[in-house]
Amino acid sequence: MRRVSVFGSTGSIGVNTLDLLSRDAAAYEIVALTGGRNIKLLAQQARAFGAKVAVTCFPDRLSDLKEALAGTETEAAAGPEAIAEAATRPADWIMSAIVGTDGLIPSLAAAAQGSTLALANKESLVCAGSLLMDTAKRAGATILPVDSEHSAVFQALVGEEMSAVERVIITASGGAFRDWPIEKLISATPEQAAQHPNWSMGMRITIDSASMFNKALEVIEVKEYFGVTPDQIEVLVHPESLIHAMVGFRDGALMAHLGAPDMRHAIGYALHHPNRAELPVARLDLAKVSQLNFTAPDPARFPALALAGDVMEIGGLAGAAFNAAKDHALDAFIARKIAFTDMAKVVAEVLNQLSRENSLTKTAITLDLVREMDIFARNVSEAVILKTAF
Ligand code: NAD
Ligand code: MG
Numbered sequence: 001m002r003r004v005s006v007f008g009s010t011g012s013i014g015v016n017t018l019d020l021l022s023r024d025a026a027a028y029e030i031v032a033l034t035g036g037r038n039i040k041l042l043a044q045q046a047r048a049f050g051a052k053v054a055v056t057c058f059p060d061r062l063s064d065l066k067e068a069l070a071g072t073e074t075e076a077a078a079g080p081e082a083i084a085e086a087a088t089r090p091a092d093w094i095m096s097a098i099v100g101t102d103g104l105i106p107s108l109a110a111a112a113q114g115s116t117l118a119l120a121n122k123e124s125l126v127c128a129g130s131l132l133m134d135t136a137k138r139a140g141a142t143i144l145p146v147d148s149e150h151s152a153v154f155q156a157l158v159g160e161e162m163s164a165v166e167r168v169i170i171t172a173s174g175g176a177f178r179d180w181p182i183e184k185l186i187s188a189t190p191e192q193a194a195q196h197p198n199w200s201m202g203m204r205i206t207i208d209s210a211s212m213f214n215k216a217l218e219v220i221e222v223k224e225y226f227g228v229t230p231d232q233i234e235v236l237v238h239p240e241s242l243i244h245a246m247v248g249f250r251d252g253a254l255m256a257h258l259g260a261p262d263m264r265h266a267i268g269y270a271l272h273h274p275n276r277a278e279l280p281v282a283r284l285d286l287a288k289v290s291q292l293n294f295t296a297p298d299p300a301r302f303p304a305l306a307l308a309g310d311v312m313e314i315g316g317l318a319g320a321a322f323n324a325a326k327d328h329a330l331d332a333f334i335a336r337k338i339a340f341t342d343m344a345k346v347v348a349e350v351l352n353q354l355s356r357e358n359s360l361t362k363t364a365i366t367l368d369l370v371r372e373m374d375i376f377a378r379n380v381s382e383a384v385i386l387k388t389a390f
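Here the sequence shown is numbered in the UniProt record's numbering, starting from 1 and rising by one per residue.
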């Protein structure tokens, strides 16, 4: 029996992960499942899988969770500390799929166990890439990327030497507004931004797809995870979302990874690695698809991509600052305090201010430094929003 924990089990990635686990439930022993306000779903999952512990991140929901788990052997717990503790419980395969910087602590704890960490939480690599990779290395943990582009790159690299890699190309659908006239973007609403043309995902990541902040995070993830240089990473707009990534080798070959836009592929690959198992994803009929389209991303439409370049150049805590400023600007957009197009302006200004103050350059990243920067950059972001007339 393989011991499995799923952090963020009630989210989009979490639900897809449990869907795959349920198809061969006898093979897995579920150690920990965690969620947020959706106690009903968390308790349902814990009951269905006989989880050892179920944790909600909200301490005020503990009694509800206990009640929902009455009569089961599942232990109920609540709060960030309980989530961190659950991540130290021995498991062979751990899915890190909490959204946001709060996913970082369970990612680090899981890596420190030396087991296999299936990494969906992007913020872990963006904010603390070197810390996470070093922790995993020291503990002998395997990190398998679950972001679809990174899983695609990983798969294209099987059997290859990194020294033969010339470039890594990740694709972007272009998000909800790829066909909008650029002047209309200023009036885009959160509801419109939350409609993804191809993928079905959580709301925040869907809006980040429309702004390309998601792709900006992914570019940084590529650098941190695969150890390539920023000038080796390219983004290509590919509206069909069937090629997820390509790796270019020094002999000119391009290895592309194609598949239906279904996260269960990347999750399933990480679950069964190094083997491949049958997965319930649609098979592509390329004759039916008939055409694949590509365009270079327009920097005026997608300013977030250039910001990722700045972050990689600055290094240190720039990823943590970028992510926090982006998150805060996203909150402000969702709350209708700023326009869709203001998000990139806010983030650019935060990065400018912090690099002028020399706050970002740090040689060794620690969890404390990342947490401090997370709070600091959110405050700077708020100040920028309050004092700037966009
Ligand atoms: P989601 O919003 O659907 O789910 C998030 C999960 O995290 C839920 O279980 C929620 O209860 C939990 N959670 C939220 N805030 C929390 C907190 N402060 N502390 C502890 N738990 C908390 O998100 P998602 O779309 O499943 O994405 C999860 C992560 O995976 C994100 O980092 C996202 O960027 C990444 N990712 C998602 C997809 C996708 O297709 N959805 C693809 C690639 C990467
Ligand atoms: Mg992705």
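Where a beta carbon is used, it is the ideal one built from N, C-alpha and C, also for glycine. All figures in this text were calculated on a predicted structure; none of them were measured in a lab.
(message) Looking at the secondary structure, which residues open and close the alpha helix (DSSP H) in which V99 lies?
(response) Note, V99: premise wrong, no alpha helix (DSSP H); not H, not E.
(message) Between the stretch 313 to 327 and the stretch 343 to 351, can you find at least three pairs of beta-carbon atoms closer than 8 Å?
(response) By the Cβ rule, the stretch 343 to 351 counts as touching the stretch 313 to 327, because three or more pairs are nearer than 8 Å.
(message) So for M1, helix, strand or coil by DSSP?
(response) coil
(request) Can you grab the Cα-Cα spacing for the pair V4 / A300, in whole Å? (result) For V4 and A300, the gap between their C-alpha atoms comes out near 44 Å.
(message) Could you tell me the alpha carbon to alpha carbon distance between T295 and F177, rounded to whole angstroms?
(response) Computed Cα separation, rounded: 15 Å.
(message) I need the residues with a C-beta less than 6 Å from some heavy atom of the ligand MG; please give them in chain order.
(response) D147, S148, E149, E218
(message) Contact between the stretch 108 to 116 and the stretch 225 to 233 is defined here as three or more beta-carbon pairs at a separation below 8 Å; is this criterion met?
(response) Between the stretch 108 to 116 and the stretch 225 to 233, the count of Cβ pairs shorter than 8 Å is below three; the stretches do not touch.
(message) Let me check understanding here. Comparing Cα to Cα, which of M1, R2, A46 lies closest to V15?
(response) Closest option to V15, judged by alpha-carbon separation, among M1, R2, A46: A46.
(message) Could you compute how far the alpha carbon of T366 sits from the alpha carbon of A43?
(response) 34 Å
(message) Taking DSSP's pairing of strands, which residues face V165 in a bridge?
(response) F249
(request) Starting from L33, follow its DSSP beta bridges and name the residues at the other end. (result) V6, A54
(message) Give me the DSSP bridge partner(s) of V235.
(response) Residue pairing by DSSP places V235 opposite I170 in a beta bridge.
(request) Could you spell out the range, first to last residue, of the beta strand (DSSP E) harbouring A76? (result) Start and end: 75 to 78.
(message) Taking 8 Å as the threshold (C-beta atoms), are V219 and A306 in contact?
(response) In terms of Cβ geometry, A306 and V219 do not form a close pair [threshold 8 Å].
(message) I'd like to confirm the pairing. Which residues does DSSP put opposite T116 in its beta bridges?
(response) W93, T142
(request) My understanding is that I267 touches V146, with C-beta atoms under 8 Å, so please give their C-beta distance in whole angstroms. (result) 6 Å
(message) Applying the 10 Å Cβ sphere with the 16-neighbour rule, what's the burial state of G71?
(response) exposed
(request) Give the secondary structure of L351 by DSSP, where H, G and I count as helix, E and B as strand, and everything else as coil. (result) helix
(message) Shorter than 7 Å, the distance from the beta carbon of G11 to the closest heavy atom of the ligand NAD, or not?
(response) yes
(message) Assuming R89 and A78 are in contact, meaning their beta carbons sit under 8 Å apart, how far apart are those beta carbons, in whole angstroms?
(response) So it is not a contact: roughly 16 Å between Cβ atoms.
(request) Can you tell me which of V53, D327, F49 puts its alpha carbon nearest to the alpha carbon of C127? (result) The option with the nearest alpha carbon to C127 is D327.
(request) Would you decide whether S381 is buried or exposed? Buried here means 16 or more other CB atoms lie within 10 Å of its CB. (result) buried
(request) Compare the beta carbon distance of A97 and T189 with 8 Å and say whether it is the shorter of the two. (result) no
(request) Indicate whether T34 and V55 have their beta-carbon atoms separated by less than 8 Å. (result) yes
(request) Put M255 into one of helix, strand or coil per three-state DSSP. (result) Judged by DSSP in its simplified three-state form, M255 adopts strand.
(request) Kindly identify the DSSP beta-bridge partner or partners of Y28. (result) R2
(message) Just to confirm, is the Cβ distance from A32 to V53 under 8 Å?
(response) yes
(request) Write down the C-beta distance between R204 and L330 rounded to the nearest angstrom, noting that I regard them as a contact closer than 8 Å. (result) 6 Å
(request) Write down the C-beta distance between A318 and V311 rounded to the nearest angstrom, noting that I regard them as a contact closer than 8 Å. (result) 4 Å
(message) Can you confirm whether the stretch 238 to 247 touches the stretch 282 to 298 when touching is taken to mean that 3 or more C-beta pairs between the two stretches lie within less than 8 Å?
(response) yes
(request) Reducing DSSP to helix, strand and coil, say where I243 ends up. (result) Reduced to three states, the DSSP call for I243 is strand.
(message) What I want to know is whether the C-beta of V99 ends up closer than 7 Å to one or more non-hydrogen atoms of the ligand NAD.
(response) Taking 7 Å as the cut-off, the C-beta of V99 counts as close to a heavy atom of the ligand NAD.
(message) Would you say the beta carbon of M212 is closer than 7 Å to some non-hydrogen atom of the ligand NAD?
(response) No - the ligand NAD has no heavy atom lying nearer than 7 Å to the Cβ of M212.
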